[in-house]
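Trainee: Mind looking over this structure? Questions follow.
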């Protein structure tokens, strides 16, 4: 079955968007209705380029997996997606109107999602140095999708776009201004689609317009960031020029003394490559615990007395609580704190510890609600007389699909 078989049927009941999220050794995909968010197919190719790549996917009521040939990369997954998986998802795939791509870094060039052309591809490539673990594989996914669907519009949705509303005093570093003027070195922020989605959903739950709300959104996963949203716009965020700044993450260090980099190079003889690997892949929860970057494993080990796991979780929660407290400065009034991402949506322990450290701001956990809201559930986890904290599962795929549909079918 060829690409033309998936072109949009104007008589079909509803449009479909294929969403691709390319990592350095992975490719996540989802076929969904951009209006309802309903997913008809989703999956992931993992360990791509390695000796044992694996493709797993699910459609309503079914789960599948397939071992791929050694060295299989992004293009192989997309070929299988077109040839086999989408063909098996008919008629849902029969009205494909766009392919939406998550792109981590768009620099200052993109404040909104855009239809991809060569200028956009070139701009994404120019930003690769700012997100070396994300933009290059993102481009691999874009090129593979263009080859597979040459007649279907491709749309880029940027993690950084949501944060282009930051004021200058929040995004500029205290460096010689020429570095910003000439090189655009500044804070950009990430996880924009996630922060945007959960804030919009929080407004619905609170039954107020987003433009009237001040929200602190905490996206907590292997990558983690927290954002201050005032009247619906991002005004400060913890990630910076790259996805390394801010919170403690799975394997990334978060905030450190910049002088440490000089010490690692001058005193210990570390190369730039070794420093990059240390800060991006060997630090964070993994580095502190010397055990794992998986919060679930650390919580289990900590309960069994593992000191490294206890310390890693303590630092993670403290850093997050400190950031949330700091973001009361740009907001002044906080209508809700929102937890999302794999850790934020599921870790009873992390949410409880963080909110306990914020009790001076009026947060008091409702233990029963906190324990029950997990695994896709949403709702309030603080007491009735407390400041509001919510858990909202993120849905970046839906944001990407919505933006793609709005660009290729405006007004639909």
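In our numbering, the protein residues as written are 3 to 414. Ideal Cβ placement from N, Cα and C applies to all residues, glycine included. If you're wondering where the values come from, they're calculated on a predicted model, not measured in any experiment.
1) In this structure, does DSSP put residue 50 in helix, strand or coil?
2) Please specify which runs of the beta strand (DSSP E), each continuous and at least 3 residues long, are wholly inside the segment 239 to 305, giving them in chain order.
3) According to DSSP, residue 221 sits in a beta bridge with which residue or residues?
4) Counting pairs of beta carbons, one from the segment 186 to 195 and one from the segment 226 to 241, are three or more of them closer than 8 angstroms?
5) With a floor of 3 residues, list each beta strand (DSSP E) that falls wholly inside the segment 325 to 388, ordered by position along the chain.
6) State the Cα-Cα distance for the pair residue 85 and residue 144, rounded to the nearest angstrom.
7) Give me the Cα-Cα distance between residue 292 and residue 309, rounded to the nearest whole angstrom.
8) Contact check, residue 108 vs residue 163 under 8 angstroms by CB: the rounded distance?
9) With respect to the alpha helix (DSSP H) encompassing residue 195, which residues constitute its N-terminal and C-terminal limits?
10) Skipping 5 residues on each side, what residues in its chain have a beta carbon closer than 8 angstroms to that of residue 385?
11) Reducing DSSP to helix, strand and coil, say where residue 39 ends up.
12) If we ignore side chains and look at the alpha-carbon of each, how far apart do residue 341 and residue 378 end up?
13) Would you please state the rounded distance, in angstroms, between the beta carbons of residue 397 and residue 25? I believe it to be under 8 angstroms.
14) Are the CB atoms of residue 249 and residue 335 within a distance shorter than 7 angstroms?
15) Between which residues of its own chain and residue 1 is the CB-CB distance below 8 angstroms, once the five residues before and five after are set aside?
16) At the level of alpha carbons, what is the spacing between residue 116 and residue 129?
17) Please identify the residue among 122, 47, 222 whose C-alpha is closest to the C-alpha of residue 349.
18) For a test of the three-state rule: what should DSSP assign to residue 176, helix, strand or coil?
19) At the 7 angstroms Cβ level, is residue 408 part of the contact set with chain D, yes or no?
20) Per the DSSP calculation, residue 58 is bridged to which residue(s)?
21) Quick one: Cα of residue 226 to Cα of residue 311, how far?
22) For residue 6, does the three-state DSSP call read helix, strand or coil?
23) In terms of residues, what are the limits of the alpha helix (DSSP H) holding residue 187?
24) With a threshold of 6 angstroms, establish whether the CB of residue 287 neighbours any heavy atom of the ligand FAD.
25) Please list the terminal residues of the continuous alpha helix (DSSP H) segment that includes residue 102.
26) Can you tell me which of the three DSSP states residue 14 falls into?
27) Figure out for me which residue from 134, 114, 148, 102 has the closest Cα to the Cα of residue 1.
28) Compute the distance between the beta-carbons of residue 157 and residue 403, then report whether it is under 7 angstroms.
29) Pick from 231, 269, 400: whose alpha carbon is nearest that of residue 337?
30) Drop a sphere of 10 angstroms on the beta-carbon of residue 331, count the other beta-carbons inside from all chains shown, and report buried for 16 or more, exposed for fewer.
31) Quick one: give me the first and last residue of the alpha helix (DSSP H) that residue 147 is part of.
32) Opposite residue 32 in the DSSP bridges: which residues?
33) Run the CB neighbour count on residue 152, radius 10 Å, all protein chains shown included, and call it buried at 16 or more, exposed below.
34) In angstroms with no decimal places, state the Cα-to-Cα distance between residue 325 and residue 114.
35) Straight-line CA distance for residue 307 to residue 183?
36) Measuring alpha carbon to alpha carbon, tell me which residue in 374, 380, 390 is nearest residue 364.
Mentor: From the atom records:
1) If you number the chain shown from 1, residue 50 lands on position 48. Three-state result, residue 50: coil.
2) none
3) Residue numbering aside, residue 221 sits at position 219 when the chain shown is read from its first letter. 227, 342, per the DSSP bridge assignment.
4) yes
5) 338 to 342
6) Working through the chain shown from its first residue, we reach residue 85 at position 83. Working through the chain shown from its first residue, we reach residue 144 at position 142. Approximately 18 angstroms between the Cα atoms of the pair.
7) If you number the chain shown from 1, residue 292 lands on position 290. If you number the chain shown from 1, residue 309 lands on position 307. Rounded to whole angstroms, residue 292 to residue 309 spans 10 angstroms at the Cα level.
8) For the purposes of this step, residue 108 is taken as residue 106 along the chain shown, with counting starting at 1. For the purposes of this step, residue 163 is taken as residue 161 along the chain shown, with counting starting at 1. About 6 angstroms; that satisfies the 8 angstroms criterion.
9) Along the chain shown, one-based indexing puts residue 195 at 193. It spans 194 to 208 - the alpha helix (DSSP H) in which residue 195 sits, taken as one unbroken run.
10) Against the chain shown, residue 385 aligns to sequence position 383. Closer than 8 angstroms at Cβ, skipping near neighbours: 366, 367, 368.
11) Reading the chain shown from its first residue, position 37 is the one you call residue 39. Coil.
12) Sequence index remark: in the chain shown, residue 341 carries index 339 (1-based). Sequence index remark: in the chain shown, residue 378 carries index 376 (1-based). Their Cα atoms are separated by approximately 12 angstroms.
13) What you label residue 397 is simply residue 395 of the chain shown in a count that begins at 1. What you label residue 25 is simply residue 23 of the chain shown in a count that begins at 1. At roughly 18 angstroms, the Cβ-Cβ gap does not stay under 8 angstroms, so residue 397 and residue 25 are not in contact.
14) What you label residue 335 is simply residue 333 of the chain shown in a count that begins at 1. What you label residue 249 is simply residue 247 of the chain shown in a count that begins at 1. Contact: no.
15) Only positions 3 to 414 of the chain appear in the structure, and residue 1 is not among them; the question remains open.
16) Counting from 1 along the chain shown, the entry for residue 116 is found at position 114. Counting from 1 along the chain shown, the entry for residue 129 is found at position 127. Their backbone Cα atoms lie some 16 angstroms apart in a straight line.
17) Taking the chain shown and counting its residues from 1, one reaches residue 349 at position 347. The residue with the shortest Cα to Cα distance from residue 349 is 222.
18) For the purposes of this step, residue 176 is identified with residue 174 of the chain shown, where counting begins at 1. DSSP places residue 176 in coil when its eight states are reduced to three.
19) Absent here is chain D; the protein component of the structure consists of one chain.
20) Working through the chain shown from its first residue, we reach residue 58 at position 56. Per DSSP, 46, 67.
21) Mapped onto the chain shown, residue 226 falls at position 224. Mapped onto the chain shown, residue 311 falls at position 309. Near 18 angstroms, if we compare the C-alpha coordinates of residue 311 and residue 226.
22) Here residue 6 is taken as the residue at index 4 of the chain shown, counted from 1. Below a pLDDT of 50, predicted positions are generally treated as unreliable, and residue 6, at 46, falls in that range; no measurement from the model is reported.
23) Within the chain shown, residue 187 is the residue found at index 185, counting from 1. No alpha helix (DSSP H) holds residue 187; DSSP gives it neither H nor E.
24) As for the ligand FAD, it is missing from this structure, which has no ligand bound.
25) Within the chain shown, the letter at position 100 stands for residue 102. It is not in any alpha helix (DSSP H) - residue 102 instead sits in the beta strand (DSSP E) that spans 98 to 105.
26) As a working mapping, residue 14 is identified with position 12 in the chain shown. In this prediction, residue 14 has a pLDDT of 45, which is less than 50 and means its spatial position is unreliable; nothing more can be read from the coordinates.
27) Any answer about residue 1 is impossible in this case: the structure gives the chain only from 3 up to 414.
28) Stepping through the chain shown from its first residue, residue 157 is reached at position 155. Stepping through the chain shown from its first residue, residue 403 is reached at position 401. Their beta carbons are not under 7 angstroms apart, which means residue 157 does not touch residue 403 by this criterion.
29) Here residue 337 refers to the residue found at position 335 of the chain shown. The shortest C-alpha separation from residue 337 is found at 231.
30) Within the chain shown, residue 331 is the residue found at index 329, counting from 1. When all chains shown are included, residue 331 counts as exposed.
31) Translated into positions along the chain shown, residue 147 becomes position 145. 137 to 150 is the span of the alpha helix (DSSP H), which, as asked, contains residue 147.
32) Counting from one through the chain shown, the residue named residue 32 turns up at place 30. Answer is 21, 44, bridged to residue 32.
33) Against the chain shown, residue 152 aligns to sequence position 150. It is exposed - the Cβ of residue 152 has fewer than 16 other Cβ atoms within 10 Å.
34) Walking along the chain shown from the start, residue 325 turns up at place 323. Walking along the chain shown from the start, residue 114 turns up at place 112. Between residue 325 and residue 114, the C-alpha separation is close to 26 angstroms.
35) Translated into the one-based positions of the chain shown, residue 307 becomes position 305. Translated into the one-based positions of the chain shown, residue 183 becomes position 181. Rounded to the nearest angstrom, the two C-alpha atoms are 51 angstroms apart.
36) On the chain shown, residue 364 is found 362 positions in, with the first residue counted as 1. The option with the nearest alpha carbon to residue 364 is 390.
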